[in-house]
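In what follows, a structure is listed as structure tokens, so that the remarks can point back to it.
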Amino acid sequence: KVVAVFNTFLFNAGLPVPESLALLSDYPLWAQFIIFFILKDFIEWNIHRMLHTVPWLWEFHKLHHSIEEMDWIGNFRFHWGEVVVYKTLSYLPLVILGVDGTVILIIAIIGTLMQDLNHANLPIDWGPFKYVFNSPKMHIWHHDVETYGKGGQNFGIVLSIWDWLFKTAYWPKDREEPEKLGFKGIDNYPKTLLKRIVYPLRIGKSDK
Numbered sequence: 019k020v021v022a023v024f025n026t027f028l029f030n031a032g033l034p035v036p037e038s039l040a041l042l043s044d045y046p047l048w049a050q051f052i053i054f055f056i057l058k059d060f061i062e063w064n065i066h067r068m069l070h071t072v073p074w075l076w077e078f079h080k081l082h083h084s085i086e087e088m089d090w091i092g093n094f095r096f097h098w099g100e101v102v103v104y105k106t107l108s109y110l111p112l113v114i115l116g117v118d119g120t121v122i123l124i125i126a127i128i129g130t131l132m133q134d135l136n137h138a139n140l141p142i143d144w145g146p147f148k149y150v151f152n153s154p155k156m157h158i159w160h161h162d163v164e165t166y167g168k169g170g171q172n173f174g175i176v177l178s179i180w181d182w183l184f185k186t187a188y189w190p191k192d193r194e195e196p197e198k199l200g201f202k203g204i205d206n207y208p209k210t211l212l213k214r215i216v217y218p219l220r221i222g223k224s225d226k
């Protein structure tokens with residue numbers, strides 16, 4: 019159904035409809051799950067990194083990083099503009115693969131639960147599997163007010179492997195957690211929700 023909607027959109031917009039849509043539709047569900055899970059996570063890792071390195075996208079993502087104490091509900095603190103960016107850049111390229119709706123739903127649930135867990139203040143690190151899966155003890159360093167690479171560190175969603183592969187991982191052995199969470203300049207960030215929502219839309223202003 020999702021592919022049909024996408025095809026209709028392309029047709030109504032006067033754009034060519036690719037003949038190679040539904041690339042994975044004939045694959046068994048387990049294969050669809052593995053391919054879609056890995057590809058979706060990698061795309062979202064790249065999007066997350068963009069939210070930190072592209073200045074105007076960072077203005078939207080600041081709302082999420084206004085968290086100063088980790089808890090699972092913090093996963094749901096985000097700007098609507100960020101949702102638009104994620105949905106547009108991640109799901110649109112992936113739905114053309116023709117993945118079964120049940121597979122998409124299961125992966126979406128897993129992703130949400132893992133992100134809830136990673137924002138929880140729990141001493142979980144997955145032991146030797148920390149090089150594959152993200153965890154609360156790794157993700158808390160993503161929310162460190164200090165950044166240790168371009169735009170930050172530990173951009174992983176469910177998987178941490180992308181951070182280790184592309185050298186954006188940061189997990190010091192001699193410290194349990196950051197001294198302070200947030201971002202530089204947070205003291206000048208609006209305090210009310212309404213002001214935070216319109217904050218990225220301001221024109222010709224800076225935080226100086």
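The number in the numbering used here is simply the position in the sequence shown, starting from 1, with 18 added.
Cβ coordinates follow ideal geometry from the N, Cα and C atoms, glycine included.
Note that the segment 48-55 does not touch the segment 66-78; fewer than 3 beta-carbon pairs, one per stretch, sit closer than 8 Å.
Beta bridge pairing from DSSP links L177 with F151. Beta-carbon to beta-carbon, W159 and Y188 are separated by about 5 Å, close enough to satisfy the 8 Å threshold. P154 counts as buried, since at least 16 other C-beta atoms from the protein chains shown sit within 10 angstroms of its C-beta. Counting along the chain, the unbroken alpha helix (DSSP H) around T130 starts and ends at 119-137. Assigned with DSSP and collapsed to three states, D143 falls in coil, not helix or strand.
Residue range 211-216 is occupied by the alpha helix (DSSP H) that includes R214.
The DSSP-derived three-state label of L115 is coil. The beta-carbon distance between G170 and H137, rounded to whole angstroms, is 16 Å. This is too long to meet the 8 Å contact definition. Per the C-alpha coordinates, the member of P190, F173, I125 positioned closest to L183 is F173. By the C-beta density criterion, S108 is buried, having at least 16 other C-beta atoms within 10 angstroms.
A direct Cα-to-Cα measurement between D181 and L42 gives close to 27 Å. Proximity of the segment 79-89 to the segment 193-212 meets the contact definition, three or more beta-carbon pairs being nearer than 8 Å. Listed in chain order, the non-local C-beta contacts of I215 below 6 Å within the same chain number zero, local neighbours out to five positions each way being set aside.
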